[in-house]
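Written out below as structure tokens is the structure these notes cover.
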């Protein structure tokens, strides 16, 4: 009985990449917002070259990525539910239709966060428009 139950859950169309990744994006978005990583050595957080220049870029990147993660979850979860309602079984088309949005959202979140960091910080990790030595560098 338990083996059949687990198989019925795993092979159910409600167990799909968009729905599960959407729930993960939502969870991580709220976790990083509520409990931001305290340092760049934390086991979780948005970690790229531009986000680890200094503490300011680290904090900004994590807050922005957490916001985008929640936004992506609000797209992926309904999409995953819709796919589960439209398909009775997990076909090849179903798998492609549920995996592609996850990949797209992950790449979009990374690209948008990197673009945001480029708009807010210079190459040294200083905020654009901050004053240095009493002179506005913006």
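In my numbering, the protein residues as written are 3 to 140.
By construction, the Cβ of each residue, glycine as well, lies at the ideal position given by its N, Cα and C atoms.
(request) On a CA-only basis, which of 57, 46, 118 and 121 is nearest residue 27? Give me that one, please. (result) With distances taken between Cα atoms, residue 27 lies closest to 46.
(request) Taking only the alpha-carbon atoms, compute the straight-line gap between residue 140 and residue 119 and give it to the nearest angstrom. (result) For residue 140, the pLDDT reaches just 49, beneath the cut-off of 50, and the residue's location in the model is therefore unreliable, although a value from the coordinates is still provided. Distance between the alpha carbons of residue 140 and residue 119: 15 Å.
(message) As a quick exercise: from 48, 109 and 87, pick the residue whose alpha carbon is nearest that of residue 16.
(response) Here the closest residue by C-alpha is 87.
(request) For residue 49, name the three-state secondary structure that DSSP assigns. (result) The answer is coil: DSSP assigns residue 49 none of H, G, I, E or B.
(message) Am I right that residue 67 and residue 111 are in contact with their C-beta atoms under 8 Å? What's the rounded C-beta distance?
(response) Cβ atoms of residue 67 and residue 111 come within 8 Å of each other, at about 6 Å.
(message) For residue 113 and residue 107, what's the separation of their Cα atoms in angstroms?
(response) Annotation: residue 113 to residue 107 spans about 10 Å, alpha carbon to alpha carbon.
(message) Please state the DSSP three-state secondary structure of residue 123.
(response) The three-state reading of DSSP puts residue 123 in strand, counting E and B together.
(message) Counting C-beta neighbours from all protein chains within 10 Å, is the total for residue 82 16 or more, i.e. buried, or is it exposed?
(response) Buried, because 16 or more other Cβ atoms sit within 10 Å of the Cβ of residue 82.
(request) Output the boundary residues of the alpha helix (DSSP H) element that contains residue 57. (result) Note, residue 57: alpha helix (DSSP H), 57-88.
(request) Would you mind stating whether residue 20 and residue 100 have Cβ atoms separated by less than 7 Å? (result) Cβ distance < 7 Å, so residue 20 and residue 100 count as in contact.
(request) Given a cut-off of 7 Å, decide if residue 53 and residue 60 are closer than it, judged by their beta-carbon atoms. (result) If you check the CB distance, residue 60 and residue 53 come in under 7 Å.
(message) What would DSSP say about residue 40, mapped onto helix, strand or coil?
(response) Coil at residue 40, not helix or strand.
(request) In angstroms with no decimal places, state the Cα-to-Cα distance between residue 109 and residue 76. (result) In this model, residue 109 and residue 76 are separated by some 16 Å (Cα to Cα).
(request) Would you mind sorting residue 84 into buried or exposed? The rule is 16 or more other CB atoms within 10 Å of its CB. (result) Flag for residue 84 reads exposed.
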